[in-house]
Structure formats: structure tokens, C-alpha cells
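A short write-up of the structure that comes next.
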Amino acid sequence: MGNNKSSALSKELLADLKSNTTYTDKQLCAWYQSFQKECPSGCISREQFESIYARFFPDANPKAYAQHVFRSFDSDSNGTLDFKEYIVALHLTSPGKTIEKLEWAFALYDVDKNGSITKNEINEIVKAIFNMISEEDQKNLPEDENTPEKRTDKVWNFFGKKEKDKVTEGEFIQGVMNNKNILRLIQFDEPQKIQNRIKQKKH
Ligand SMILES: [Ca+2]
Ligand SMILES: [Ca+2]
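According to the UniProt record's numbering, the stretch in the sequence shown is residues 1 to 203, in order.
Right, dumping it as C-alpha cells:
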């Protein structure tokens with residue numbers, strides 16, 4: 001009815017997204033339509049983002065983790081996710097993008113965005129991840145990784161760091177690529193799981 005002026009994706013943004021991701025015109029335009037429907041303001045707020053996580057983890061407390069994921073996606077740190085940040089985030093967390101995913105995981109763990117990771121930062125994210133594991137499932141975890149502190153120690157020892165040391169992005173990516181066990185301990189595939197569930201719901 002002629003009121004769809006905001007529903008078209010601009011040529012500039014489309015070209016920009018195509019050069020930064022592997023998505024097609026068709027995919028990007030379809031996602032833009034559904035993004036506009038969900039978020040008529042053109043942006044996702046932190047609260048909206050948290051409520052998406054709350055919907056998918058009804059038996060857990062995903063709020064802290066959702067806030068960290070939000071921060072890692074909000075590349076211009078303005079407190080909202082626009083369509084570009086949303087698409088780049090989807091791309092980074094999609095299957096098969098090992099290096100990009102690890103770069104994103106580094107950003108997730110670098111809580112203060114200063115370019116290196118401390119043991120405290122590892123502990124903060126691991127605690128947020130634990131809040132999303134049900135008490136029942138926590139009982140089944142191996143003895144040496146069944147609390148956030150133990151799991152943080154295990155990760156930190158793997159990097160061979162002293163208490164006050166820091167892990168750089170290069171050390172982080174190399175270390176995780178060399179050891180599948182660490183990849184499991186820093187698990188970070190929830191955004192993609194949520195995206196898959198949203199996609200499934202539409203069909
Ligand atoms: Ca932003
Ligand atoms: Ca840091």
C-alpha cells in the first residue's frame with residue numbers, strides 16, 4: 001500500500017554486506033525484510049536481545065551471557081545492533097568459519113575491549129556460560145571442570161599463563177586451533193543455535 005519505503009535495502013549497504021560476507025542478494029534482502037518486521041526502529045536494543053535469549057533458555061539464566069554476546073556484536077559500541085552488525089555477527093558465528101569464529105570468540109572474552117584477555121575475563125564469560133547450563137547437566141560435568149573457577153583454571157593453565165598474565169588474540173586463536181578440548185571449554189556456538197531455531201520456527 002505504498003508504505004514500504006523503509007523495507008528496501010540500500011544499494012550501498014547491500015554491496016558492503018556482500019563484500020564482508022558470503023551471503024547472496026536474495027538472502028540479504030529476505031533477512032532485511034524480517035529484520036524490519038521484528039525491529040521497525042532498524043535496531044535491536046540490548047533488552048530485545050536479552051529477551052530473545054530468555055525465550056530460548058527458559059530454564060536457565062542467560063542474561064549475563066546475552067549481554068556479553070551483545071557487546072561483542074556491537075562493533076561501534078553505541079548500545080544497539082543495526083542490520084549490518086547483525087548480519088556480520090551471523091556470518092562470524094556461522095558453521096565453517098573457523099578463524100572468523102575464533103576472532104569473534106576472542107572479542108567475546110575481551111570484556112573491556114583492550115586487545116588482550118585476562119584470567120578474570122575468562123572467568124566472567126565462563127560464569128555466564130554456567131548460568132545457561134541446567135543444574136541437572138552441571139552434575140554430569142567432569143570433576144575438574146564442574147565449577148566456573150575450575151574450568152577457568154583449566155583454560156588458563158592450557159595457555160601456560162601465570163595468574164596476572166594476559167593472552168593476546170594471536171595466542172588465543174593459535175591455542176584454540178591446536179586443542180579441541182579448549183574449544184569445548186570455551187563453547188561459544190549459542191548465537192548460531194538460536195539463529196537456527198528461529199529459522200526452523202518460520203517453516
Ligand atoms: Ca551498534
Ligand atoms: Ca581485556
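Glycine included, each C-beta is placed from N, C-alpha and C at the ideal position.
The beta carbons of E124 and I173 sit about 20 Å from each other, so the pair does not count as a contact at 8 Å. Rounded to the nearest whole angstrom, the C-alpha separation of S72 and E163 is 25 Å. Short of 8 Å from the beta carbon of D74, and not among the five residues preceding or following it, lie these beta carbons of its own chain, in chain order: T80, L81 and E85. Excluding the 5 residues flanking it on each side, C39 has no same chain C-beta neighbour closer than 6 Å. The Cβ neighbour count for T152, taken over all protein chains shown within 10 Å, is at least 16; the residue is labelled buried.
The three-state reading of DSSP puts T93 in coil, since its state is none of H, G, I, E or B. For T98, the enclosing alpha helix (DSSP H) covers residues T98 to Y109. Between the C-alpha atoms of F70 and M132 there is a straight-line separation of about 16 Å.
Counting C-beta pairs with one atom in each stretch, the stretch 87-94 and the stretch 12-21 have three or more that are closer than 8 Å, which means they touch. Counting only residues whose CB is nearer than 5 Å to a non-hydrogen atom of ligand 2, the list in chain order is D110, D112 and N114. Inclusion of T80 in the 7 Å shell around ligand 1 follows from its C-beta lying nearer than that to a non-hydrogen atom of the ligand. Between S116 and V167, the C-beta gap is smaller than 8 Å, which places the two residues in contact. Where T80 is concerned, there is no enclosing alpha helix (DSSP H), although the beta strand (DSSP E) around it starts and stops at T80 to D82. Taking all protein chains shown into account, P58 has fewer than 16 neighbouring C-beta atoms within 10 Å of its C-beta and is therefore exposed.
The nearest non-hydrogen atom of ligand 1 is 7 Å or more from the C-beta of E50. Distance from the CA atom of N146 to the CA atom of L13, rounded to whole angstroms, is 45 Å. Rounded to the nearest whole angstrom, the CA to CA distance from A66 to N78 is 16 Å. Spanning the alpha carbons of K119 and A8 requires a straight line of approximately 45 Å.
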